[in-house]
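Asks: Numbering (my numbering), first residue to last: 453 to 613.
Starting off with a structure, shown below.
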Ligand code: MG
């Protein structure tokens with residue numbers, strides 16, 4: 453009746469790419485590199501949802517050598533995974549997320565991310581938490597080489613609420 457999943461993702465920062473996190477375009481001179489739009493937070497959420505469903509990972513469902521997913525809006529992938537959640541008879545109870553980034557400052561964008569996500573995830577914004585942290589200059593995130601994200605999600609059977 454109750455399931456938990458964890459997701460983690462990381463993408464490299466590169467010139468000439470838009471920075472898209474949590475479905476929002478964030479002003480910055482670098483963006484995340486990937487086969488899709490490289491939305492690191494949404495990829496972590498997708499893996500959290502698939503983990504809770506015991507249905508593998510994002511790479512199994514959206515292979516990064518498939519041209520169909522080239523530069524795809526990760527929100528579309530999230531919508532497809534939400535169809536699986538519903539097909540299996542679950543709804544999201546809550547999710548908690550942490551984005552690890554030295555720059556840019558993400559705090560001003562968190563409210564917008566939560567609003568964007570609540571629509572696709574079909575839950576209220578008070579069921580979504582998004583935190584942003586730095587690693588105080590340590591590691592690949594600290595050096596500004598990339599951004600990573602963690603997501604923990606809980607699902608409940610939809611006839612249970
Ligand atoms: Mg990814």
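Glycine included, every Cβ here is placed at the ideal spot set by N, Cα and C.
1) What does the shell around the ligand NAD hold, if a residue joins when its beta-carbon is under 5 Å from any heavy atom?
2) Taking the CB atoms as reference points, tell me whether residue 551 and residue 526 lie closer together than 7 Å.
3) Under the three-state reduction of DSSP, which class applies to residue 611: helix, strand or coil?
4) When DSSP labels each residue in this structure, what does residue 500 get in the three-state scheme?
5) Note down, one range per segment and in chain order, each beta strand (DSSP E) of at least 3 residues found wholly within the stretch 480-552.
6) Quick one: Cα of residue 484 to Cα of residue 601, how far?
7) Under the three-state reduction of DSSP, which class applies to residue 585: helix, strand or coil?
8) Please go through the same chain and pick out, in chain order, the residues whose beta-carbon is closer than 6 Å to the beta-carbon of residue 533, but skip the five residues on each side of it.
9) State the Cα-Cα distance for the pair residue 604 and residue 488, rounded to the nearest angstrom.
Replies: Per the coordinate set shown:
1) For the structure depicted, the ligand NAD is absent and the ligand set comprises only the ligand MG.
2) Stepping through the chain shown from its first residue, residue 551 is reached at position 99. Stepping through the chain shown from its first residue, residue 526 is reached at position 74. In this structure, residue 526 does not lie closer than 7 Å to residue 551 by Cβ.
3) Indexing the chain shown from 1 puts residue 611 at position 159. Helix, per DSSP.
4) Locating residue 500 in the chain shown gives position 48, where the first residue counts as 1. Note: residue 500 maps to helix in three-state DSSP.
5) 542-552
6) Here residue 484 refers to the residue found at position 32 of the chain shown. Here residue 601 refers to the residue found at position 149 of the chain shown. Cα to Cα, residue 484 sits roughly 12 Å from residue 601.
7) For the purposes of this step, residue 585 is taken as the residue at position 133 of the chain shown. DSSP places residue 585 in strand when its eight states are reduced to three.
8) Taking the chain shown and counting its residues from 1, one reaches residue 533 at position 81. So the qualifying residues of the chain are 498, 501.
9) Taking the first residue of the chain shown as position 1, residue 604 is located at position 152. Taking the first residue of the chain shown as position 1, residue 488 is located at position 36. So the two alpha carbons sit approximately 22 Å from each other.
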